[in-house]
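Below is one structure; the comments refer to it alone.
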Amino acid sequence: MSIENDVKALRTGGQHGYLRIATEEAFAPPEMIRMYRRMIRNGEIKDPGFLSLWGFYAFSKSPRAKFIFDSLQDLGEKRLADMDERGIDKQIIALTSPGTQILKRDQAVALAELANDQLAEACRKYPDRFAGMAACAPQDGKAAAKEIERGVSKLGFNSVIINSHTNGHYLDEPQFWPILEAAEALDVPIYIHPNTPPKAMIKPMLDAGLDGAIYGFGVETSLHALRLITRGVLDRFPKLQIIIGHMGEALPFWQYRIDYMHAATVRSKRYDVMLPLQRKPSEYLRENYYMTNSGVAWEPAIKFTQATVGVDRVVYAMDYPYQCDPEEVVALDAMKMSAATKKKFFQTNAEKLFKLKKKK
Ligand code: 1DF
Ligand code: MN
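In the working numbering, the protein residues as written are 1 to 360.
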């Protein structure tokens with residue numbers, strides 16, 4: 001059978017043995033897009049990464065940018081049709097990057113509330129097709145913790161989205177601990193989604209056009225995930241669960257070297273900022289991290305992660321609308337993997353992680 005026929009045969013409903021639950025799917029309130037466009041036009045935002053990313057998506061007339069621009073702002077029939085066409089049973093939806101995190105504190109706090117209200121309404125309307133992550137404004141750690149609490153207790157969200165760094169600051173810094181504390185106490189995972197690298201990191205990437213999803217995203221987000229480990233934050237919040245996309249932002253591949261060099265560096269007391277940890281860095285990856293394959297429809301990378309991090313911690317994601325080729329779904333369906341493991345990957349790991357079958 002040709003790939004075209006395989007694509008046409010994609011269906012929701014699980015007749016092939018599992019539901020497909022996609023867990024890194026993006027949306028944008030139209031109000032946020034309008035605000036971004038205004039702030040780019042009037043020069044209010046100067047962050048080079050933001051201008052590179054949204055200077056493109058908010059204004060480009062290319063077919064890819066137009067599709068993304070329209071799809072991000074839809075939480076209804078268009079999105080459902082795109083899901084049906086790709087065989088996606090359910091999306092776990094989050095505020096697209098950088099969301100609130102490029103804004104001034106008060107604007108950011110207001111946008112988190114607006115985005116959460118819009119997303120919660122869509123999830124109430126289509127409870128079988130959509131679930132949501134709670135957004136917040138990390139610029140104000142205490143307000144963020146409150147909004148996460150509202151998102152979980154009032155709006156029915158069971159996870160938190162953080163679009164990586166906030167103005168060059170990382171979640172291991174104490175001003176963000178109220179967020180980590182709230183997530184741990186509420187027993188909800190934090191999805192650390194990529195952002196363009198901060199000003200201090202981005203120049204040589206921008207010079208080569210490598211600042212975005214092709215590379216800069218992954219480098220910056222894996223740094224973020226690694227800082228949470230090496231700065232000792234997961235010893236302080238040992239039950240906290242973090243999700244990272246793009247096949248763990250390549251961290252699975254780094255495990256051996258990070259373990260070796262962390263031990264060697266701590267032993268030689270090279271840095272005051274690198275203290276001994278309760279576990280090896282790779283043990284945190286296996287015990288505090290979930291990894292989705294967003295953007296990586298590649299069997300060897302998925303299997304390597306399953307083998308070294310664990311089959312219960314590798315979760316399917318599509319990355320709609322940024323990367324949503326139905327051919328990728330066909331390729332993932334065809335992975336040579338036991339039926340039990342494939343069902344964990346596409347369906348049951350996500351059901352547990354996002355508490356999708358919670359009784360009402
Ligand atoms: C892109 C990719 C943009 C991803 C995203 O959000 C995003 C992109 C602004 O291709 O520019 O979430 N992604 O996760 O791969
Ligand atoms: Mn994404």
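Where is the CB? At the ideal position from N, CA and C, for every residue including glycine.
Limits of the alpha helix (DSSP H) - the one that residue i falls within
i	result
E220	G216 to T230
V152	G141 to S153
G55	P48 to Y57
L80	E77 to R86
F304	E299 to T308
M261	L251 to R267
I33	P30 to R41
Chain-order list of residues whose beta-carbon lies under 8 Å from that of residue i (same chain, five-residue window excluded)
i	result
P326	V7, L10, E85, R86 and G87
A58	I33, Y36, R37, I40 and F69
Cβ-Cβ distance between residue i and residue j below 8 Å
i	j	result
M427	L119	This structure cannot speak to residue 427, because the chain is shown only from 1 to 360.
A135	P178	no
Y170	I243	no
V233	P197	no
L223	P48	no
F157	G141	no
K344	V311	yes
L285	V309	yes
L80	R124	no
L332	L240	no
F27	L75	yes
S97	D82	no
A297	E328	yes
W90	L19	The amino acid occupying residue 90 in the given sequence is Lys; Trp does not appear at that position. Result yes, Cβ atoms of K90 and L19 sit closer than 8 Å.
Residues near residue i in its chain [Cβ-Cβ closer than 7 Å; skip 5 each side]
i	result
K357	E351
R54	Note that residue 54 is Trp in the sequence shown, not Arg. Once the five neighbours on either side are set aside, the close Cβ partners of W54 are Y36 and I40.
G216	T196, P197, I202, M205 and L210
R105	A137, Q139 and D140
Q255	S282, L285 and T308
N288	L234, L240, Q241 and I242
Cβ neighbours of residue i in the same chain (closer than 6 Å, five flanking residues each side left out)
i	result
Q101	N163 and T166
T23	I92, T292, V315, A317 and A350
K360	Caution is warranted here: a pLDDT of 47 is assigned to K360, below 50, making its placement in the model unreliable, and the coordinate value is therefore given only provisionally. Excluding positions up to five away in sequence, the list is empty.
Heavy atom of the ligand ADP within 7 Å of residue i beta-carbon
i	result
F59	By its list of ligands, the structure shown excludes the ligand ADP, since it contains just the ligand 1DF and the ligand MN.
Bounding residues of the beta strand (DSSP E) (the contiguous stretch that carries residue i)
i	result
F27	I21 to F27
Y271	Here Y271 belongs to no beta strand (DSSP E), and DSSP marks it neither H nor E.
M291	Y289 to T292
I3	That residue, I3, is in no beta strand (DSSP E); its alpha helix (DSSP H) goes I3 to K8.
Q: Report yes or no: do the segment 206 to 225 and the segment 182 to 190 share at least 3 C-beta pairs separated by less than 8 Å?
A: no
Q: Take every Cβ of the segment 62 to 80, pair it with every Cβ of the segment 317 to 324, and state whether three or more of those distances are shorter than 8 Å.
A: Judged by Cβ distances under 8 Å, the segment 62 to 80 makes contact with the segment 317 to 324, as three or more pairs qualify.
(Q) Quick check for students: name the residue ranges of the alpha helix (DSSP H) that lie wholly in the segment 60 to 138, counting only runs of 4 or more. (A) 63 to 72, 77 to 86 and 105 to 125
Q.
To test your reading of the DSSP string, which unbroken beta strand (DSSP E) runs of 3 or more residues are found completely within the segment 144 to 206?
A. 160 to 162 and 190 to 192
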